[in-house]
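Right, one structure below, let's go through it.
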Amino acid sequence: MRSRVVVSEGTLTALADAEVAAILTHERAHLRARHDLVLEAFTAVHAAFPRLVRSANALGAVQLLVELLADDAAVRAAGRTPLARALVACASGRAPSGALAVGGPSTVLRVRRLSGRGNSAVLSAAAYLAAAAVLVVPTVALAVPWLTQLQRLFIA
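Laid out in structure tokens, this is it:
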């Protein structure tokens, strides 16, 4: 099965070639890294937990993180300026539910990030560690009490 990037005719006519290239690189980065699976897993966990336990902030942070990772790939291939222009041009566009789209509510933050200086290796490592912590900490918090109870059953 081949993955495809769908771009509207309006987007193709409204953007310069460099901006279209930046968008295509951004979307291909999502496909290559399988960001759809990451988002699906986090959305499932978010929906599975009771409202008092789950955090919309964690889900929003993961959604932003996958966009920033795809932005980084587009910057490496096409540069900051074409991507920033494309993001601004597509900011008001709407995508189907569940689709990874160039525009969206995080556009202002992403454009500000693109207008700043580049990321350091330390910042990138911190972002990956934070994403890992979002997965590991709740898992450990749920598993440790269960394993303790399981151990008591086998010892008794």
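Residue 55 in this note's numbering is what sits at position 31 of the sequence shown, and the numbering runs on without skipping anything. No residue lacks a Cβ here, since even glycine has one placed at the ideal position from N, Cα and C. Quick caveat: nothing in here was measured; it's all calculated off a predicted structure.
Boundaries of the alpha helix (DSSP H) around F66: 59-72.
Under the three-state reduction of DSSP, P162 is assigned to helix.
By the neighbour-count criterion, in which a residue is buried when 16 or more other Cβ atoms sit within 10 angstroms of its Cβ, E33 is exposed.
The Cβ atoms of A53 and A94 lie closer than 8 angstroms to each other. Looking at E64, C114, S130, the one whose alpha-carbon comes closest to that of T37 is C114. About 26 angstroms separates the Cβ atoms of L92 and R26, ruling out a contact at the 8 angstroms cut-off. The Cβ atoms of L89 and A155 sit closer than 8 angstroms to each other.
Closest by C-alpha distance to A46, out of H70, R100, R56, is R100. Per the coordinates, the alpha-carbon of L177 lies some 20 angstroms from the alpha-carbon of V164. Between A102 and L138, the C-beta spacing is not below 8 angstroms. Exposure of F73 is indicated by the presence of fewer than 16 other C-beta atoms within 10 angstroms of its C-beta. When the alpha-carbon of H50 is set against those of A40, V112, A98, the nearest one is in A98.
Between V86 and L63 the beta-carbon gap is near 7 angstroms, inside 8 angstroms, which marks them as a contact.
Between L61 and H70, the beta carbon gap of about 15 angstroms keeps them out of contact (Cβ cut-off 8 angstroms).
When Q175, T131, L171, D96 are compared, the shortest CA-CA separation from S148 is found for D96.
Excluding the 5 residues flanking it on each side, V44 has same chain C-beta neighbours closer than 8 angstroms at V31, T35, L36, A110, in chain order.
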